[in-house]
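Numbering (this note's numbering), first residue to last: 941 to 1055.
Structure (structure tokens):
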């Protein structure tokens, strides 16, 4: 009996989903905030928290794999973000609703790194 899978498919293949979240996580780590839709943001939060936790543990390979060899994001997560959150156990991102998108009324949110 198949139960809840625990993640959203977002009408994308597995490789497309992984690439999308790696790119979104890299943008989030570089800019410290991004604008996206609510379902993507909910899954991005899990992905980004895993990247930051891996950086705090010193897992270089996992962070490199998760940021798709984006050197700017890779360096920033180790030099700035992991140091900033060294005493925090989780909850590195915050999701703020900013209203519906004009074209299709999709719920838009702002994903930010917490202070």
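Cβ coordinates follow ideal geometry from the N, Cα and C atoms, glycine included.
Start and end residues, alpha helix (DSSP H) containing residue i
i            : result
residue 993  : 978-997
residue 1008 : Premise fails: residue 1008 is in no alpha helix (DSSP H) and is neither H nor E.
residue 955  : 954-971
Residue i classed as buried or exposed, judged by whether at least 16 other C-beta atoms fall within 10 angstroms
i            : result
residue 1033 : buried
residue 1007 : buried
residue 964  : buried
residue 976  : buried
residue 974  : buried
residue 991  : buried
residue 1042 : exposed
residue 980  : buried
Close beta carbons around residue i, own chain, < 6 Å, minus the five adjacent residues each side
i            : result
residue 1037 : 1049
Under 9 Å between C-beta atoms of residue i and residue j
i            : j            : result
residue 950  : residue 1047 : no
residue 1054 : residue 1028 : yes
residue 962  : residue 987  : yes
residue 966  : residue 1010 : yes
residue 989  : residue 948  : no
Same chain, Cβ closer than 8 Å to residue i, five either side skipped, listed in chain order
i           : result
residue 985 : 1033, 1035, 1051
residue 994 : 1002, 1003, 1006
Residues that DSSP places opposite residue i in a beta bridge
i            : result
residue 1047 : 1040
residue 1033 : 1053
residue 975  : 1050
Own chain residues within Cβ distance below 7 Å of residue i, not counting five before or after
i           : result
residue 996 : 1022, 1025, 1026
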